[in-house]
Amino acid sequence: MEYLFKLKWLNGPLAGRELELPAGELRLGGDDPDIALALEEGAATVLTVTPEGVTMAPPVPVWVEGLPWDAGQALPLGQAIDLAGQGLVLAEADAALAMLTLPSRRLPEVATTKPAARSWRLAGGIVLICAALATAVLLWPKPVEPPLFDARAWLAREMADPGLSGVKAEWDERGVVRLSGLCASSKAIERLRGRMREQGLNFSDESLDADTLRRQVRQVLELNGYREVEVSAGAKPDQVVIHGAIQANAAWLRASTQLRAISALNGWRVVNDRAELFGRLVDRLSRQRLLDGLSIGVSGQELLISGQLPPERARAVAAEAAAFNADGTRLKARFQNIPAAAPAANILPAAIVSVGGNANSIYVELANGMRLQQGGTLPSGYRIYALSHTALTLIQEQRLVSIPLHL
């Protein structure tokens with residue numbers, strides 16, 4: 001594949017990483033991005049890469065080296081670009097990319113020019129007119145002038161909002177406000193940003209709210225293959241709880257290294273509750289003797305129960321699933337009355353030929369002479385969870401399969 005350009009991310013969870021750009025489109029922001037990086041205020045755009053350059057549509061707010069940029073123009077090379085809060089720098093595919101600092105946003109300086117010289121006649125006329133006007137002004141009652149806008153006092157009043165607790169607003173020598181820190185309320189920080197724009201204040205925004213922090217954590221996890229995890233609020237706004245089937249392996253080591261690079265994140269706790277919730281549901285159905293003919297597995301944020309059952313048993317299973325969900329568990333149980341997948345050929349080392357033993361010691365005999373009893377483990381890794389004269393129930397991690405014994 002031929003690459004035309006490349007970019008380096010300057011902030012966020014991917015800061016310092018490079019991405020080679022072939023001809024085509026790259027979606028940023030929105031509900032279905034190609035790169036899981038959020039833009040300010042939920043903005044979304046598509047970068048179009050051609051030999052002529054990199055353009056974007058629809059337009060989103062862009063600053064280049066801290067100054068507003070015409071979003072209809074191709075993005076420049078070798079300069080720090082602030083694309084709706086996401087910092088990046090572009091270069092030719094074979095060029096080296098430096099790690100630039102993202103400048104604060106500011107307004108362009110307005111050049112002033114001296115007025116052209118006037119003739120002495122015009123100047124004299126103006127003097128006479130001004131003298132007449134001055135006389136009229138002296139005789140006219142003076143209007144009450146509105147007080148000057150005190151930006152610093154106004155901002156101090158805004159920052160007193162309890163929802164902004166944890167956010168700092170600091171003025172620099174150029175009169176630019178630097179927002180930093182973390183607050184719990186996304187609405188409060190969005191309201192502050194909007195009101196600062198309304199007042200015409202120049203500001204650089206390094207602040208975060210807890211929702212955005214959790215979204216950044218989720219993006220890092222998704223980039224490392226953890227697409228079915230759930231990220232919730234921790235004990236403090238700068239802490240999170242990660243729910244999911246996470247193991248201490250190379251993928252998690254890589255992900256945790258990237259999580260530590262998120263400056264606003266002060267800690268996280270991993271809760272691998274899938275196994276606990278799965279076991280709790282299996283135990284509930286087992287106590288009611290409802291496992292025969294079912295398969296149970298985790299699908300996304302659900303514990304999916306499948307099995308084609310008679311109406312009375314189907315109602316009983318559905319009732320147990322509803323009772324399980326009433327406890328307010330993170331994973332919800334859902335029953336679907338359809339045939340359960342029971343790939344016995346892929347699980348058992350040989351076909352079942354007979355069932356024997358008494359009620360207290362049932363066994364299943366396979367075609368290869370192997371006898372299976374409750375508690376045993378198969379070469380496939382499945383454990384014999386339950387065994388009756390009508391069904392063989394196997395379990396492995398968070399998957400249960402009940403194989404009917406119709407001999």
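Residues 1 to 407 in full-length UniProt numbering are what the sequence shown lists, from first letter to last. Just so you know, even glycine gets a beta-carbon here, dropped at the ideal spot from N, CA and C.
Expressed to the nearest angstrom, what Euclidean distance is found between the alpha-carbon atoms of residue i and residue j?
| i | j | result |
| --- | --- | --- |
| G282 | G42 | Reading off the sequence, residue 282 comes out as Val, not Gly. Approximately 41 Å, taken between the alpha carbons. |
| G267 | N360 | 51 Å |
| V177 | R193 | 11 Å |
| I403 | N368 | 18 Å |
| A316 | H243 | 30 Å |
| Y385 | A98 | 58 Å |
| L366 | F324 | 36 Å |
| E52 | C183 | 42 Å |
| W63 | G166 | 27 Å |
| T112 | W69 | Interpretation of T112 is limited by its pLDDT of 48, a score under 50 that renders its predicted location unreliable; no figure is taken from the coordinates. |
| P58 | E40 | 14 Å |
| Y382 | I395 | 5 Å |
| P13 | A210 | 15 Å |
| D161 | S186 | 13 Å |
| S3 | G16 | The sequence shown places Tyr at residue 3, rather than the Ser named in the question. Computed Cα separation, rounded: 19 Å. |
| L372 | Y363 | 5 Å |
| R284 | R399 | 15 Å |
| A156 | D82 | 27 Å |
| A318 | M159 | 52 Å |
| W171 | G163 | 21 Å |
Output the boundary residues of the beta strand (DSSP E) element that contains residue i.
| i | result |
| --- | --- |
| S86 | The question names Ser, but residue 86 is Gln in the sequence shown. Where Q86 is concerned, the enclosing beta strand (DSSP E) stretches over 86 to 92. |
| A316 | Careful: A316 lies outside any beta strand (DSSP E), inside the alpha helix (DSSP H) at 311 to 325. |
| V353 | 352 to 358 |
| A188 | Not the beta strand (DSSP E): A188 falls in the alpha helix (DSSP H), residues 186 to 198. |
| P404 | 399 to 404 |
| I246 | From DSSP, I246 is part of no beta strand (DSSP E); its letter is neither H nor E. |
| I305 | 302 to 306 |
| T393 | 391 to 396 |
| V167 | 167 to 171 |
| V64 | 62 to 64 |
| L83 | 81 to 83 |
| V229 | Careful: V229 lies outside any beta strand (DSSP E) and carries neither H nor E. |
Helix, strand or coil: how does DSSP classify residue i here?
| i | result |
| --- | --- |
| Q258 | helix |
| E2 | coil |
| W9 | strand |
| A116 | Here A116 scores only 47 on pLDDT, less than 50, and its place in the model should not be relied on; the value that follows carries that caveat. Here A116 sits in coil by DSSP. |
| S295 | strand |
| F149 | coil |
| R383 | strand |
| K236 | coil |
| P162 | helix |
| M99 | coil |
| E18 | strand |
| G369 | coil |
| L179 | strand |
| L26 | strand |
| I338 | coil |
| G42 | helix |
| R157 | helix |
| A111 | Reliability fails at A111, whose pLDDT of 48 lies under 50, so the model's placement of it is uncertain and no value is given. |
| W252 | helix |
| S388 | coil |
In the DSSP assignment, find the unbroken alpha helix (DSSP H) run with residue i in it and report its ends.
| i | result |
| --- | --- |
| Q216 | 210 to 223 |
| L277 | 274 to 287 |
By a C-beta neighbour count over all protein chains shown, 10 Å radius and 16 as the cutoff for buried, is residue i buried or exposed?
| i | result |
| --- | --- |
| T45 | buried |
| G85 | buried |
| V353 | exposed |
| L107 | exposed |
| R274 | buried |
| E312 | exposed |
| Q216 | buried |
| E148 | Here residue 148 turns out to be Leu, not Glu, going by the sequence shown. Label assigned to L148: exposed. |
| R214 | buried |
| A153 | exposed |
| A326 | exposed |
| A38 | buried |
| P237 | buried |
| Q258 | buried |
| R174 | exposed |
| I262 | buried |
| L208 | buried |
| Q219 | buried |
| M56 | buried |
| M196 | buried |
| residue 419 | One cannot answer for residue 419 here, as it falls past the ends of the chain, which runs 1 to 407. |
Would you say residue i reaches chain C, if we count a Cβ-Cβ gap shorter than 8 Å as a contact?
| i | result |
| --- | --- |
| P404 | Of the protein chains in this structure there is only one, and it is not chain C. |
Segment contact flag, the stretch 291 to 307 with the stretch 381 to 400, C-beta cutoff 8 Å, min 3 pairs: The stretch 291 to 307 vs the stretch 381 to 400: in contact.
Contact the stretch 99 to 109 vs the stretch 188 to 205: 3+ CB pairs below 8 Å: Between the stretch 99 to 109 and the stretch 188 to 205, the count of C-beta pairs closer than 8 Å reaches three or more; the two stretches touch.
Touch test, the stretch 222 to 240 against the stretch 23 to 32, Cβ-Cβ under 8 Å, three pairs minimum: With the cut-off at 8 Å, the stretch 222 to 240 and the stretch 23 to 32 do not touch.
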